[in-house]
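*Asks:*
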Amino acid sequence: MNTVQEKDFLPLPALADVPEAGSVSWRSSSNIALIKYWGKRKGQLPQNPSLSLTLDHCATTTRLAFTKRKTASGDFSFHIFLDGKSNKSFEPKIRQFFTRIAPYISFLEQYHFDIHTSNSFPHSSGIASSASGMSALALCVMELERQLHTDMSLSHFRNKASFLARLGSGSACRSIGGPWVVWGEHSDIEGSTDLMGVSYPYETHEIFTGYRDTILLVDTGRKEVSSTLGHQLMHDHPFAEQRFTQARKNMGKLKRVFANGDLESFVEIVESEALSLHAMMMTSSPYFILMKPNTLEIIHRVWEFRKATDTPLCFTLDAGANVHVLYPKSEKDRAQKFIDTELAPFCDSGRLIHDKAGMGISRV
Ligand code: DP6
11 MNTVQEKDFL PLPALADVPE AGSVSWRSSS NIALIKYWGK RKGQLPQNPS
61 LSLTLDHCAT TTRLAFTKRK TASGDFSFHI FLDGKSNKSF EPKIRQFFTR
111 IAPYISFLEQ YHFDIHTSNS FPHSSGIASS ASGMSALALC VMELERQLHT
161 DMSLSHFRNK ASFLARLGSG SACRSIGGPW VVWGEHSDIE GSTDLMGVSY
211 PYETHEIFTG YRDTILLVDT GRKEVSSTLG HQLMHDHPFA EQRFTQARKN
261 MGKLKRVFAN GDLESFVEIV ESEALSLHAM MMTSSPYFIL MKPNTLEIIH
311 RVWEFRKATD TPLCFTLDAG ANVHVLYPKS EKDRAQKFID TELAPFCDSG
361 RLIHDKAGMG ISRV
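With the working numbering, you'll find the sequence shown wraps up at 374, consecutive numbering, no jumps.
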């Protein structure tokens, strides 16, 4: 398998004759990392490889309406609408995204864009929308590039969409593909690269087909620490190198588990990764505790249930207090009964989302 290079994504020649106006629309799912990305190098490049499960229900749908500008004045012209309402709070993030992708896309300054976006999950759910949002927008940009260059191959379309999404938000590059996606070079994973996400290239044991994720909304407030700040805190973190080495080792271990279906090891790798991510935050300067009392209560109940019933259910965490509970499809009924009765009371207003492995993207 040939690995891509940055030069593969350089802009296609600008066309003098671009369409006057139109719109394109894509839906992209969120993803949850099992091997965590925490720490990056210049250019949105990860310090270690990560691996995620692409979700199905939790998604962003974005419509990009474009109108040719009379004069291209060396800046970007865009307006964002969230659920039909003008939204200025995303502007800095989108401007940064356009600035970062401009070296790879030739037509950005030729158009005014209206970006209409909506999420399938509630705003105040504490679920980060940056992975699904940035990947949906990157797909729309690529759809427009494909309309201008109709001979583009499907693989180039997807690869470049993931490459652009990464420049918007690192984890977003893993939403283009599924159900398992690797981002970051690893010697055991052919085709893996720091530049974009690639669908896990090997067959997985049948137990991993249709894997389930229930998201427990413990804290639905604003994120206490932005991921951008969190990644920065890894720069002079006393345990940074050990953490990056641990993630690389865990990727190798997970590859073996994906092949042999050993769920006991799977549980161990996934939970250790989640706790290591939080350990990094607790030991950075400044330090943070992002778990809430109910996060810990849920974790202990997951452990008790697993021990008592031998059900291979485990948890993972994002950079926040919410808990993702993962389990095989074959355990769905038993696991969901336990979650709905014993874990839901520890969620904010009992809110949770039963989701499952998905393939990420679709044109709308
Ligand atoms: C804890 O992708 O949100 O969710 O690249 O700065 O946008 P930026 O960061 P982001 O970081 C995600 C961190 C994480 C772990 C993960 O998804 O791998």
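No residue lacks a Cβ here, since even glycine has one placed at the ideal position from N, Cα and C. The structure presented is a predicted model; accordingly, all values stated were derived computationally and were not measured.
Given 7 Å as the limit, tell me if Ser-286 has its C-beta closer than that to any heavy atom belonging to ligand 1.
*Replies:* Position 276 of the sequence shown, counting from 1, holds the residue named residue 286. Checking every heavy atom of ligand 1 against the Cβ of Ser-286, none is found closer than 7 Å.
*Asks:* Specify the secondary structure class of Leu-63 as computed by DSSP and reduced to three states.
*Replies:* Within the sequence shown, numbered from 1, the residue matching residue 63 stands at position 53. Three-state result, Leu-63: strand.
*Asks:* Taking the CB atoms as reference points, tell me whether Leu-61 and Thr-224 lie closer together than 8 Å.
*Replies:* Locating residue 61 in the sequence shown gives position 51, counting from the first residue. Locating residue 224 in the sequence shown gives position 214, counting from the first residue. No, the Cβ-Cβ distance between Leu-61 and Thr-224 is not below 8 Å.
*Asks:* To test your reading of the DSSP string, which unbroken beta strand (DSSP E) runs of 3 or more residues are found completely within the segment 300 to 342?
*Replies:* Taking only runs of at least 3 residues, the beta strand (DSSP E) segments lying wholly in the segment 300 to 342 are 324 to 327 and 333 to 337.
*Asks:* Would you grab the beta carbon distance between Tyr-221 and Pro-338 for me? Rounded to a whole angstrom, and I think it's under 8 Å.
*Replies:* To locate residue 221, count along the sequence shown from 1; it is residue 211. To locate residue 338, count along the sequence shown from 1; it is residue 328. Yes, they are in contact, since the Cβ atoms of Tyr-221 and Pro-338 sit about 6 Å apart, within 8 Å.
*Asks:* Applying the criterion that 16 or more other CB atoms from any shown protein chain within 10 Å of the CB defines a buried residue, is Glu-283 buried or exposed?
*Replies:* Within the sequence shown, the letter at position 273 stands for residue 283. Per the 10 Å Cβ criterion, buried.
*Asks:* Where do the N-terminal and C-terminal ends of the beta strand (DSSP E) with Ile-125 fall, by residue?
*Replies:* Translated into the one-based positions of the sequence shown, residue 125 becomes position 115. Residues 121 to 129.
*Asks:* Can we say the segment 260 to 268 touches the segment 196 to 206, given the rule of at least three CB pairs closer than 8 Å?
*Replies:* Short answer: they touch.
*Asks:* Classify Cys-183 as helix, strand or coil using the three-state DSSP reduction.
*Replies:* Walking along the sequence shown from the start, residue 183 turns up at place 173. Three-state DSSP puts Cys-183 in a helix.
*Asks:* Confirm, please, whether the CB-CB distance from Ala-182 to Ser-140 is below 8 Å.
*Replies:* If you number the sequence shown from 1, residue 140 lands on position 130. If you number the sequence shown from 1, residue 182 lands on position 172. Yes.
*Asks:* Would you list the one or two residues that DSSP bridges to Gly-207?
*Replies:* Locating residue 207 in the sequence shown gives position 197, counting from the first residue. Partner(s): Trp-193.
*Asks:* Which residue wins for smallest C-alpha separation from Ala-43, given the options Asp-93, Phe-348, Leu-65 and Pro-322?
*Replies:* The count along the sequence shown starts at 1 and reaches residue 43 at position 33. Of the candidates Asp-93, Phe-348, Leu-65 and Pro-322, the one whose C-alpha sits nearest the C-alpha of Ala-43 is Leu-65.
*Asks:* Out of His-126, Val-28 and Lys-50, state which residue places its alpha-carbon closest to the alpha-carbon of Glu-101.
*Replies:* Residue mapping note: residue 101 aligns to position 91 of the sequence shown, counting from 1. Considering only alpha carbons, the answer is His-126.
*Asks:* From what residue to what residue does the beta strand (DSSP E) around Asn-41 run?
*Replies:* Within the sequence shown, numbered from 1, the residue matching residue 41 stands at position 31. Looking at the DSSP string, the run of the beta strand (DSSP E) that includes Asn-41 is 31 to 45.
*Asks:* For Cys-68, does the three-state DSSP call read helix, strand or coil?
*Replies:* The sequence position of residue 68 within the sequence shown is 58, counting from 1. In this structure, Cys-68 counts as strand in the three-state DSSP scheme.
*Asks:* According to DSSP, is Leu-22 part of a helix, a strand, or is it coil?
*Replies:* As a first step, residue 22 is located in the sequence shown; it is residue number 12 there, counting from the start. Residue state, collapsed to three classes: coil.
*Asks:* Between which two residues does the beta strand (DSSP E) containing Lys-366 stretch?
*Replies:* Against the sequence shown, residue 366 aligns to sequence position 356. Per DSSP, Lys-366 belongs to the beta strand (DSSP E) from 362 to 366.
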